[in-house]
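Enquirer: Count along the sequence shown from 1, add 212, and you get the number used in my numbering.
Glycine residues also receive a C-beta, built at the ideal position from the N, C-alpha and C atoms.
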Amino acid sequence: MALVPASPASAATALTGNIVVSSPTTGKVAANTPKQVILLTLTLPAGTTLSEENIKTVSLGATRCTDMEWYIVTGTTQIAAKTPDDADDANDGCAPTASTTTGETIVITFANDDTLTKTGSNLFFITPPDIAGVSAAPVVTDNSSKIPAADDKVKRLLASGGQTVRITASNDFAFSGGTGAGLAVTIGGKALTEVKAWNKAGTTALTAAAGDADKGNTLTGKTASGMTASATPSVIITQNGVSKTFSSTATGITIVSAPVITALSVTSVKAGVETNVTVTGTGFATTATAKVCGVTANVATPPTSAGTSMVITIPATGIIDDAGGLGADVFSGVCKVVVSNSGTDSPVNEKSWLAVISE
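1) For the alpha helix (DSSP H) containing residue 460, list its first residue and its last residue.
2) Within the continuous beta strand (DSSP E) that includes residue 406, where are the two ends?
3) May I have the straight-line CA-CA distance separating residue 357 from residue 413, to the nearest angstrom?
4) Between which two residues does the beta strand (DSSP E) harbouring residue 493 extend?
5) Between the alpha carbons of residue 526 and residue 464, how many angstroms are there, rounded?
6) Using alpha carbons as the reference points, say which of 251, 291 and 249 lies closest to residue 268.
7) Can you tell which of 439, 445, 393 and 440 has the C-alpha that lies nearest to the C-alpha of residue 421?
8) Can you tell me whether residue 436 is helix, strand or coil according to DSSP?
9) Compare the Cα-Cα distances from residue 494 to each of 551, 418, 227 and 425 and report the closest residue.
10) Residue 448 and residue 398 - do their beta-carbons sit closer together than 8 angstroms?
11) Residue 275: beta carbon under 7 angstroms from a heavy atom of the ligand NAP?
12) Please classify residue 363: is it buried, with 16 or more other beta-carbons within 10 angstroms of its beta-carbon, or exposed?
13) Are three or more beta carbon pairs between the segment 303-322 and the segment 240-259 nearer than 8 angstroms?
14) Please name the residue in 428, 479, 492 and 359 whose C-alpha comes closest to that of residue 520.
15) Using 10 angstroms around the beta-carbon of residue 287, count the other beta-carbons present and answer buried if the total reaches 16, otherwise exposed.
16) Where residue 359 and residue 367 are concerned, what is the direct C-alpha to C-alpha distance, given to the nearest angstrom?
17) When the Cα atoms are used, what is the spatial distance from residue 441 to residue 570?
18) CA-CA distance, residue 481 and residue 513?
19) Where does residue 560 sit, in a helix, a strand or coil, going by DSSP?
Structural data, given as structure tokens:
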């Protein structure tokens, strides 16, 4: 009886067709970030069907995403893949794409080992923005950023906007300048203007991508008007086409509706002489109070309903001899004027200083 050799297994075939990254449309996905959904649209040759049973593996090319476990066939031409969420956060998401010009190689392997491959795809995994730890006060007003103690830096932002904030990057990340980076920031849902990235020394604005030497650098931007007062505002930073949202627990900031002083009717008063000063600004409550050098001033004319001005009387005593004022035996100095709405104080700015002169 003659033996008949077994038929050889059919060889795997490299299929002709195409793979398009349909979502996100930019093809840019945050690296090292779990649960990022990527929608792939496939063009298949005749006779090849797309179904859960007919897919063996999905590879997005990047480390940790070469044999995807989280994917679903959503139709006859589409696969939705989700970047991994590992128990060890260090293994979350897909590793950054090595090339900035050539996208990842995507490979779909079918049940019969046939493959559909897309080389040089439009899929890029990009390191998302990252900020310093909350204990370092990563988001503060710019004029307080050089205060040595983190707890003393100003983390309270005004709903009325107009403040310049400085944001510090983590030691493993660098904010980049130049239009190519597309650096943008929103706080409380409102976009900052005049956004600039700075070198690590904080002395030079970057006009191009930052290098390794500038990791841990800073950016600045001016807050917009019309923000909503909130104890838990979000900060969203976008760079190189990917965004990351930071909660208030990561930034430490709050947004408050506070009065703002824009002018004083005089810039100096004589020590020991009771003096009326008109304070102009915005957001003054009809019950607003005021202090000069920490000493309560009498409200001679309360703010109107418009909340734009009030007249205060600087007392003849207290400011020159009270420990809360200029101090004993000190007869001249510069005082800050603070307007308060039910305990919410106006920020100190260049328009709220008053010189007390001894003559």
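Expert: From the atom records:
1) Where residue 460 is concerned, the enclosing alpha helix (DSSP H) stretches over 460-463.
2) 405-410
3) Separation of residue 357 and residue 413 (C-alpha to C-alpha, rounded to the nearest whole angstrom) is 13 angstroms.
4) 487-494
5) Residue 526 and residue 464: Cα-Cα distance of roughly 35 angstroms.
6) 291
7) 393
8) coil
9) 551
10) yes
11) Absence of the ligand NAP from the depicted structure is noted, as is the absence of any ligand whatsoever, leaving it without description.
12) exposed
13) Result yes; three or more Cβ-Cβ pairs closer than 8 angstroms.
14) Looking at the Cα atoms, 492 is the closest of the given residues.
15) exposed
16) Cα to Cα, the separation comes out at about 12 angstroms.
17) Using only the alpha carbons, I get a separation of about 41 angstroms.
18) Using only the alpha carbons, I get a separation of about 19 angstroms.
19) Coil at residue 560, not helix or strand.
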